[in-house]
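Residue 1649 in my numbering is what sits at position 215 of the first sequence, and the numbering runs on without skipping anything.
Each residue gets a CB set at the ideal place from its N, CA and C atoms; glycine is no exception.
Below is one structure, written out as structure tokens; comments come after it.
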Amino acid sequence: MFQDRLQAMLVPAVRAAFLDLFNQAPEAGAIGFQPTRPEFEGDATINVFPFLRLSGQGPEQTARAVGGHLVAHVPEVERINVVKGFLNIVISDAYWLTFLGETTGQDILQFPPTGKQVMVEFASPNTNKPLHLGHLRNIFLGWSVGRILGAAGNEVVKVQVVNDRGIHICKSMVAWRMFGNGETPQGSGLKGDKLVGKYYVEFDKVYKAEVAGLMAAGSTQADAEKKAPILLDAQDMLRRWEAHTPELRALWAMMNGWVYDGFNATYARAGVSFDRNYYESDTYLLGKEDVLKGVEKGVFFRKEDGSVWVDNTPEGLDEKVLMRADGTSLYMTQDIGTAIKRFEEFPGLARMIYTVGNEQDYHFKVLFIILKKLGFSWADELYHLSYGMVDLPGGKMKSREGTVVDADDLMDEVVAEARSAGEQLSKLDEFGEEEKSVLFEMIGMAALKYFLLKVDPKKRMLFDPKASIDLQGHTGPFIQYTYARIQSLLRKAGKLSTPTGQLAIDHYRLLPEEKVVIKLLHQFPAVLNESATKLDPSALANHTYDLVKAYNTFYQTVPVLKEEQEDRRAFRLALSMSVASTAKKAMWCLGMEVPERM
RNA sequence: GAUCCCGUAGCUCAGCUGGAUAGAGCACCUGCCUUCUAAGCAGGCGGUCGAAGGUUCGAAUCCUUCCGGGAUCGCCA
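So, in structure tokens, the structure goes:
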């Protein structure tokens, strides 16, 4: 494990310095190093202001004294300088070179196994319409968090809940029966999820027309919205579905089958998969018993009408219904049951993460409190990975207004953009058509994924279609490009390269451009750790960009293969190799691939 | 009304467990391909960190109030 190596070395040294000099030392946790700002000389900086009470001296004196002690006792500390209360520490080149030497050829972004099993739920679509941009943010996020947790040493179980039953499906079913004329994906060539979505839209059109008609005939709006015949049909269908009417179940299974084919195509293209699917049709009756047990335990209470409630006012929330008066269940009831079921199925689960939009913050807050009240020990290990909505330049996405960005269309678009940009550069002459398609797919998808993942998940984000297909600057393709560039170097290096072990570590003077890159590599494990802890891929995404950005500066300033001195050339190749392999692993964590050439 | 999230450059975002002159990308302007991939590099332009108070040696970062945007508070999922 390489994270925070420097910190691990310096913190005890600073404490030792304080003890020797002033007979008392700050708590280890209170000592925080930060990277030295570029305008000063140094690699690590500590601010001694908080410790002046311990030293009883002024900031400059304290910093100098501690710094002097470090220089004398820590071989890796080469020299120091003091600016006001800031103690800037210069770490020896030997330290950085040793770090690089020890880690070359190793995966610094793979931590040892923790022995923990973590479940990540994401995607969780409804089966009445195709996936859209919002799903993509969810899917990329959940997938990436799973990968990151895996890199951090956990065993990850990826799951989705498929909302395959309910009034929404019945709406599509009703409309398909009325207007479908037996249309199938095979017959029409339409992707299954698109076909079912089409009838969902069809339903809504008819419904609106009927509501308008009823209102024209004198109904109130509220009344009309409840009495529209097509809606009554759908409600009736739901009841008969719940009664297991065979003919309806068959229709339902057929249409859902179409949707799954469509979803699977989208998932495959997005590069994601699941270890376990939970179908709501299997789980929607779960949780009732648990709620009733809660009543017995006195954790929940019944109102006069027989409905069951939980009182969360002690937690600063409201009362919440868990079961209707007629004994039927609700969304919350199901979620209670599903969580319990999962922990039964996976007894070793240490954590469960729900990747769900922030409009459900309240729901999950309540869910977790309820499970805790029911006495489940694992209730504290539940986490709602809440992310913000994706806005379009024109405002919010609204499916009814046709302003949704379809996931498949979007992926087509970014890949087409990658193709047109790539062909303009005309450096892919030796690529076959097949190879080109693979490459453009890889590049386009990286542009899209990086665009969605570089932003802090909890923030609402603006999706600018033009910016998302950008291939320059702070983008996925920029990272891919740097990787391909290094691969080209390494191919050309061929047998020229000499093992880094031959580098005379004690005599090599690092160039500033080299040192910046090594330091970013050195920090990388700590960044992975941060991303894993915060369940936030954006930290990793941004650091990967910083790394390759610094590498590009190095690349364009310092000769690698052209370097005459063999040991320098070998060192620079080793550095390049480490950047490439680390960037590749980081991209893997983000769900993106990197090409050997582009 | 209550609760939660957000407000940093023209635009999109970093930075937020308090630290030095607030950073990138895009856009716009200048340079750099007869040396390793120019999807690149170097430089310029651009900021009262929503506002006001407070805590502190020190605040974009912590606290309070206010303003602005959004979400939630359904016996919908």
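Taken atom to atom, the span from the alpha-carbon of M1766 to that of F1802 is near 11 Å. In the three-state reduction of the DSSP assignment, H1566 falls in the strand class, which pools E and B. In the structure shown, M1607 falls within a helical segment according to DSSP collapsed to helix, strand and coil. One alpha carbon belongs to D1598, the other to Y1713, and they sit about 6 Å apart. Annotated three-state conformation of L1486 is helix, per DSSP.
For a cut-off of 8 Å, the C-beta gap from V1951 to V2028 is around 18 Å, too long to register as a contact. Between E1681 and F1777, the alpha-carbon positions lie close to 35 Å from each other. Excluding its 5 nearest sequence neighbours in each direction, V1505 has C-beta neighbours in its own chain below 8 Å: V1511, E1512, R1513 and I1514, listed in chain order. Of all alpha-carbon atoms in V1579, I1603 and A1557, the one lying nearest the alpha-carbon of N1711 is that of A1557.
Within the DSSP secondary-structure output, R1785 pairs in a beta bridge with V1552. Under DSSP, the beta-bridge partners assigned to S1820 are V1790. Listed as beta-bridge partners of W1743 by DSSP are F1735 and V1755. DSSP places K1900 in the helix class (H, G or I) of the three-state scheme. By alpha-carbon distance to L1783, the top candidate from F1810, M1443, L1543 and V1755 is F1810.
N1457 is bridged by DSSP to nothing; it lacks a bridge partner. Rounded to whole angstroms, G1549 and T1717 show a C-alpha spacing of 29 Å. About 5 Å separates the beta carbon of A1881 from that of V1848, a gap short enough to meet the 8 Å contact definition.
Under the 10 Å beta carbon count, H1507 is surrounded by fewer than 16 other beta carbons and is classified as exposed. Around P1619, the same chain offers G1626, L1629 and W1692 as residues with beta carbons nearer than 6 Å, after the five sequence neighbours per side are excluded.
Rounded to the nearest whole angstrom, the CA to CA distance from H1566 to V1961 is 30 Å.
The alpha-carbon separation between L1455 and S1489 amounts to approximately 8 Å.
For G1791, the CB contacts under 8 Å within the same chain, skipping 5 residues up- and downstream, are G1568, N1572, S1820, Y1821, G1822 and M1823 in chain order. Looking only at V1596, A1462 and M1895, the smallest Cα-Cα distance to M1443 is reached by A1462. Proximity of the segment 1980–1988 to the segment 1896–1904 falls short of the contact definition, fewer than three beta-carbon pairs being nearer than 8 Å. At a Cβ-Cβ threshold of 9 Å, Q1540 and G1587 do not count as neighbours.
Cβ-Cβ separation between G1519 and V1554: approximately 44 Å, too far for a contact (criterion under 8 Å).
Under the three-state reduction of DSSP, A1662 is assigned to coil, being neither helix nor strand. Straight across, the Cα-Cα distance linking E1589 with E1964 is about 18 Å. In the three-state reduction of the DSSP assignment, D1890 falls in the coil class. In the three-state reduction of the DSSP assignment, Y1633 falls in the helix class. Taking every protein chain shown into account, the CB of D1769 has 16 or more other CB atoms within 10 angstroms, so this residue is buried. For R1683, the enclosing alpha helix (DSSP H) starts and ends at P1680 to A1704. When the alpha-carbon of A1451 is set against those of S2010, V1482, G1616 and M1786, the nearest one is in V1482.
The Cβ-Cβ distance between L1886 and V1994 does not fall below 9 Å. Collapsing the DSSP output to three states places M1895 in a strand. When DSSP reads this structure, A1478 sits in a beta bridge with P1469 and I1523.
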